[in-house]
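Mature numbering (1 follows the signal peptide of the UniProt record, and there is no 0) puts the sequence shown at residues -20 to -1, 1 to 185.
We put the CB at the ideal spot given by N, CA and C, even for glycine.
Some notes on the structure that comes next.
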Amino acid sequence: MRIKIINTLCLCLVLAGFLAGCSTTQKITSSARTATEQLLISEAVMRSIAQSSDFSLPIPKGSVVKLDLFGISGDKDLVKGVVAGWLGQQGYIAQDESATYRMNVVVDSLGTEHANTFFGIPPISAALIPISLPKLSFYEADLQTGYARFHLDIFEIPSGRFVGTTAPFIADTHFNMHTVLFLIKFKRTDLTSPPSVGSFKNMVR
């Protein structure tokens, strides 16, 4: 009986050591945002504009428009660049010199949201025995969403007369990673060509 217990404990220790050895450490990013987060934001902005391709502004085609940017997001400069390109496609000129209209680009919201669903055994560290167990995921989902919402307020120059405002430009994106039974991983996303971090193809390069 004692031998059976000892054998069982040894087996448990070997299994714990194997599982601990299977754990991996990933450095998330060296920049302010990961490449995936940047794509979540940039594609949300571009999709919000693309969904309004037939939108008409209350000013004549060919008008010279000065763009001013307002918002609390650190990524709001991206919106100004995308709006300038969209105005060019619509037949307007986005520049400060000789502008006859001022367009305030008001960024209501721009950023990412993250949620996690986990079912399994959390990481375990033993105080008396120098053995630690990694997180064991029967099922885990890391859910990331990119969201963009902004609108345009238009004023006449030099009078400052308010001309009109647009409906909000709104769009979102997603990048979701799923783990099933510790090792089976797959992703669901609507991003165009997202990075493949940790893929087997990248590991054997």
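- Do you know how far the Cα of L19 is from the Cα of Y119? Within the sequence shown, the letter at position 139 stands for residue 119. Within the sequence shown, the letter at position 39 stands for residue 19. Computed Cα separation, rounded: 26 Å.
- Item | Simplified DSSP assignment, three categories, for K60 | To locate residue 60, count along the sequence shown from 1; it is residue 80. Note: K60 maps to helix in three-state DSSP.
- Query: If you draw a straight line from the C-alpha of F135 to the C-alpha of G144, how long is it?
  - Reply: Along the sequence shown, one-based indexing puts residue 135 at 155. Along the sequence shown, one-based indexing puts residue 144 at 164. Near 7 Å, if we compare the C-alpha coordinates of G144 and F135.
- Message: Between the alpha carbons of D48 and E77, how many angstroms are there, rounded?
- Response: By one-based count along the sequence shown, residue 48 stands at place 68. By one-based count along the sequence shown, residue 77 stands at place 97. So the alpha carbons of these two residues sit roughly 13 Å apart.
- Task: On the DSSP bridge assignment, give the partners of V45 in chain order.
- Result: Here the question's residue 45 lines up with position 65 in the sequence shown. BP columns for V45 point to A74 and Y81.
- Message: Within the continuous beta strand (DSSP E) that includes I164, where are the two ends?
- Response: The sequence position of residue 164 within the sequence shown is 184, counting from 1. Counting along the chain, the beta strand (DSSP E) containing I164 begins and ends at I164 to T169.
- So, helix, strand or coil for residue 215, using DSSP? Because the chain is modelled from -20 through 185, residue 215 falls outside the range shown and cannot be assessed.
- Message: I'd like to check one pair, P148 with D57: are the Cβ atoms closer than 9 Å?
- Response: Reading the sequence shown from its first residue, position 77 is the one you call residue 57. Reading the sequence shown from its first residue, position 168 is the one you call residue 148. One thing to note: D57 has its Cβ no nearer than 9 Å to the Cβ of P148.
- Whole-angstrom distance between S53 and K46, CA atom to CA atom: As a first step, residue 46 is located in the sequence shown; it is residue number 66 there, counting from the start. As a first step, residue 53 is located in the sequence shown; it is residue number 73 there, counting from the start. Using only the alpha carbons, I get a separation of about 21 Å.
- When the distance is taken between beta carbons, is A79 closer than 9 Å to I39? For the purposes of this step, residue 39 is identified with residue 59 of the sequence shown, where counting begins at 1. For the purposes of this step, residue 79 is identified with residue 99 of the sequence shown, where counting begins at 1. Note that the C-beta distance between I39 and A79 is not below 9 Å.
- Query: Counting along the chain, where does the beta strand (DSSP E) carrying I150 start and finish?
  - Reply: Numbered from 1 along the sequence shown, position 170 holds the residue referred to as residue 150. Segment F149 to V160, the beta strand (DSSP E) holding I150.
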